[in-house]
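Read through the structure below, which is laid out as structure tokens, and then see the notes.
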Amino acid sequence: MSGSTQNITGSSSTIDSNGHINFAFKVDDVPDQMQGKNGTGAIKSPRAYQVTDDDDEEPPAREQWSNQSEFLLSCIAMAVGVGNVWRFPFVALDNGGGAFLIPYIFVLIFIGKPLYYMEFCMGQFASFGSVKVWEISPAFRGIGYGQAISTWTVSTFYVSLMALCVYYFCGSFSSTLPWAVCGDWASEYCFDANTTIHIVSNDTTFVTSAEEYFKNEVLKIDPLGFDNGIGTPDWRLLLCLLFSWLVLFVVQAKGVQSSGKAAYFTALFPYVVLLIMLIRGVTLPGATKGILYFITPRWEKLLEPKVWYSAVDQAFFSLSVGFGIIIMLASYNPFRQNVYRDATIISFMDTFTCLFAGITIFSILGHLAEILGVEIDDVVRGGGTPLAFVSYPDALARFQYVPQVFSALFFLMLFTLGVGSAVAYNGVIVTIICDEFPKAKKWQVTLVICIIGFLVGVLYTTPQGQHILTLVNHYGGGVSIIFLMILELVAVMWVYGIRNFILDIEFMLNRKTGIYWKICWGIFNPIFLFLVFVYYQFTAKPLTYGTYVFDSVTTWSGMSMAIIAVLLVPIYFVVEFLKLGKKGMGFLQTLKDVFKPSPKWAPRERDLRREYREFLSSRRR
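If you use our numbering, the sequence shown corresponds to residues 1 to 621, in order.
Printed below as a string of structure tokens:
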């Protein structure tokens, strides 16, 4: 860098004259060319690294949402995904029933919403995706790449579930639902939807036709796990997987211009189906029993740390904070978009949908328990795929009138939810590449990503596909995301400085940031998430799928995904340090500068950058 540099004195953690926290640098320790053009040394910004007149070249135009509604609906389609429909009700049941709503709403208010709003502001302010946005502090660019690893693995997970939905949707058009009867794939212990078996103990060997259809006919699961290898892909599932990736490509081919239009359907159609299911469900015998089972609180559960960890895990899974998705979606906004309002709306819709879906699902499962003459515990076989492809299809098959219609609607709804989520997850990777290579055509990048995703997804169509999916789901988007989120908070709120970030928000939204946000971002969020992370490390249990326990070799192969995602943080710190070191500065100066925001951390438009400099200068006087 040209020009002289002031001497660095004092500790690495400083507070400047305006009270801005700068852990890696002092505000006044800036190169001469970062000061005013008149050479008077008047700093035009409270930040450590300045936007200068030399940076007034207009960058390439960035595509934007056609309107605010498309952005909001895309966020809702992403947040209100399969996690709310088939995961939340059973997480709640496992952790105190109705009492779980207390820690979940607490986490949503004091962790989920603040993190959601923070990532909205980051993406919209700089108009960059989840990697380029780390111009805010290049030393932490590896966080963006680590999140991308996790995001892409979860994306392949979602599309594989979409493939199963396509399979069941096609089966719904049979004159008799194929899982309603015991076919040639069934064992001697199978009983179909027209048979009532009164289960008198948990040791019974009888199995519903829906469960055996899913395991034996659809997945062809090998009970020996990986001992016999992964097996051969099923051609029917392969076709369903190919169709799912084709749909994803068509929706994403033109970026937010096409995905925004699709959001009108992916965000709204699931509510129509849930309402139809709820109206039908509450009219069935046993519905009240099922709903009460879902909402009845077990207060003693609130004293268990596991419940609070589950609340954080569900909030991350549902809102998708920490994956880079929110940053990506907001990066296509106009600079002045009211994301404060949007974050509030989406947080509310997320909670509402969790309750709506839970009541709908358990009204029908209560009916299933009623006609079988058993407790709901005996028909509830866990969340996730057992709910979507065993318990619920079994209940639908027992409907007296047109079960095919309700089945087709249900799986079309799940497929739609999957599209809404997968588009967002896949969009993170596409945006990262297009940010790095602006001349690349978005449809070509999307096509390549979809082809690679399909090839990886072939593994999920093998007899061991569900075992592989379990590894991907657990390690690809689990505790590593919480760890990366902690680092993200440290980087933005402690290194860049919470006061600096709040000034950026004030300029962008013309809105003062209240004490609630400051306490959540600067103190409560990082500390609480750190405690959750430590709790997980000390209480983690061996991973299982049904009765199959993953061996140490398989477990470590899954853990490698999380380890790689985390290791990218120090790796890219070294990369950024070496890039900056080529400018000939000393070791200590380079070490400090790599934590400073680059000139690209500023509004994208030239006129806004000038206004931004004037705004910061006025705050400095």
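For every residue, glycine included, the Cβ atom is placed at its ideal position computed from N, Cα and C.
Q: On the DSSP bridge assignment, give the partners of residue 97 in chain order.
A: Looking at the DSSP output, residue 97 shares a beta bridge with 297.
Q.
Taking the alpha-carbon of residue 245 as reference, which of 119, 558, 453 has the nearest alpha-carbon?
A. Nearest C-alpha to residue 245: 453.
Q. What are the partner residues of residue 156, as DSSP defines its beta bridges?
A. Beta bridge pairing from DSSP links residue 156 with no other residue.
Q. Looking only at C-alpha atoms, which of 335, 133, 436 sits nearest to residue 65?
A. Residue 335 is the option with its Cα nearest to residue 65.
Q | Rounded separation between residue 624 and residue 493 - CA only | A | Because the chain here runs from 1 to 621, residue 624 falls outside it and cannot be looked at.
Q) How would you call residue 85, buried or exposed, if buried means at least 16 neighbouring beta carbons within 10 angstroms? A) Residue 85 should be labelled buried.
Q | Inter-residue Cα distance where the pair is residue 543 and residue 467 | A | Using only the alpha carbons, I get a separation of about 10 angstroms.
Q.
Taking the straight line between their C-alpha atoms, what separation do you get for residue 267 and residue 420?
A. About 7 angstroms.
(Q) Please report the distance separating the alpha-carbon of residue 515 from that of residue 114. (A) When rounded, the distance between both Cα atoms is 12 angstroms.
Q | residue 167, buried or exposed, once every other Cβ within 10 Å from all chains shown has been counted against 16 | A | Taking every protein chain shown into account, the CB of residue 167 has 16 or more other CB atoms within 10 angstroms, so this residue is buried.
Q: Helix, strand or coil for residue 461, going by three-state DSSP, please let me know.
A: DSSP places residue 461 within a helical segment (H, G or I) once states are collapsed to three.
Q) What residue does the alpha helix (DSSP H) around residue 413 start on, and which one ends it? A) Its alpha helix (DSSP H) spans residues 403 to 436.
Q. Short check: CB of residue 90 to CB of residue 387, under 8 angstroms?
A. In contact: residue 90 and residue 387 (Cβ atoms closer than 8 angstroms).
**Q.** residue 428 to residue 79 span [Cα, whole Å]
**A.** Taking the straight line from one Cα to the other gives about 15 angstroms.
**Q.** Neighbour-count burial assignment, residue 303, 16 or more Cβ in a 10 Å radius
**A.** By the neighbour-count rule (16 or more Cβ atoms within 10 Å), residue 303 is not buried but exposed.
Q) Just reading off the alpha helix (DSSP H) that residue 280 is part of, what are its end residues? A) For residue 280, the enclosing alpha helix (DSSP H) has its first and last residue at 256 to 282.
Q: Classify residue 356 as helix, strand or coil using the three-state DSSP reduction.
A: The three-state reading of DSSP puts residue 356 in helix, counting H, G and I together.
Q) Is residue 60 buried or exposed, if buried means 16 or more other CB atoms sit within 10 Å of its CB? A) Exposed, because fewer than 16 other Cβ atoms sit within 10 Å of the Cβ of residue 60.
Q: Leaving aside the five residues before and after residue 255 along the sequence, list all residues of the same chain whose C-beta is less than 6 angstroms from its C-beta, in chain order.
A: Taken in chain order, the residues that qualify are 63, 442.
**Q.** Reference residue 338; option with closest CA among 286, 410, 123
**A.** Restricting attention to 286, 410, 123, the CA atom closest to the CA of residue 338 is found in 123.
(Q) Less than 8 angstroms between the beta carbons of residue 362 and residue 277, yes or no? (A) For residue 362 and residue 277, no; Cβs fall outside 8 angstroms.
Q) So what does DSSP say about residue 348, is it helix, strand or coil? A) In the structure shown, residue 348 adopts helical secondary structure according to DSSP, grouped into three states.
(Q) Taking the straight line between their C-alpha atoms, what separation do you get for residue 76 and residue 528? (A) A direct Cα-Cα distance of roughly 26 angstroms separates residue 76 from residue 528.
Q. Taking the alpha-carbon positions, what's the residue 623 to residue 523 distance?
A. Absent from the model: residue 623. The displayed extent of the chain is 1 to 621, so no value can be given.
Q.
Check for me: the alpha helix (DSSP H) holding residue 400 runs from which residue to which?
A. First-last for residue 400: undefined, no H or E at that position.
**Q.** Delimiting residues of the alpha helix (DSSP H) encompassing residue 622
**A.** With the chain covering 1 to 621 only, the question about residue 622 has no answer from this structure.
Q. Candidates 433, 221, 284: which alpha carbon is nearest residue 548's?
A. Taking each of 433, 221, 284 in turn and checking the Cα distance to residue 548, the smallest one comes out for 221.
Q. Quick one: Cα of residue 396 to Cα of residue 258, how far?
A. Residue 396 and residue 258: Cα-Cα distance of roughly 34 angstroms.
Q) Among 119, 128, 477, 94, which one has its Cα closest to the Cα of residue 603? A) In this structure, 128 is the residue among 119, 128, 477, 94 with its C-alpha nearest to the C-alpha of residue 603.
Q: Compare the Cα-Cα distances from residue 605 to each of 125, 375, 407, 552 and report the closest residue.
A: Nearest in C-alpha terms to residue 605, of all of 125, 375, 407, 552, is 125.
Q: Could you round the C-beta distance between residue 458 and residue 164 to whole angstroms and report it? I think they count as a contact, below 8 angstroms.
A: The beta carbons of residue 458 and residue 164 sit about 14 angstroms from each other, so the pair does not count as a contact at 8 angstroms.
Q: Mind checking who residue 207 pairs with in its DSSP beta bridge?
A: In DSSP, residue 207 forms a bridge with 190.
Q: List the residues that DSSP assigns as beta-bridge partners of residue 545.
A: BP columns for residue 545 point to 548.
Q) What do you reckon, are the CB atoms on residue 99 and residue 301 nearer than 8 angstroms? A) A contact, by the Cβ cut-off of 8 angstroms.
Q: Establish whether the CB of residue 267 and some CB of chain D are separated by less than 8 angstroms.
A: In the structure shown, chain D does not exist; there is a single protein chain.
Q.
To the nearest angstrom, how far is the alpha carbon of residue 309 from that of residue 607?
A. Rounded to whole angstroms, residue 309 to residue 607 spans 45 angstroms at the Cα level.
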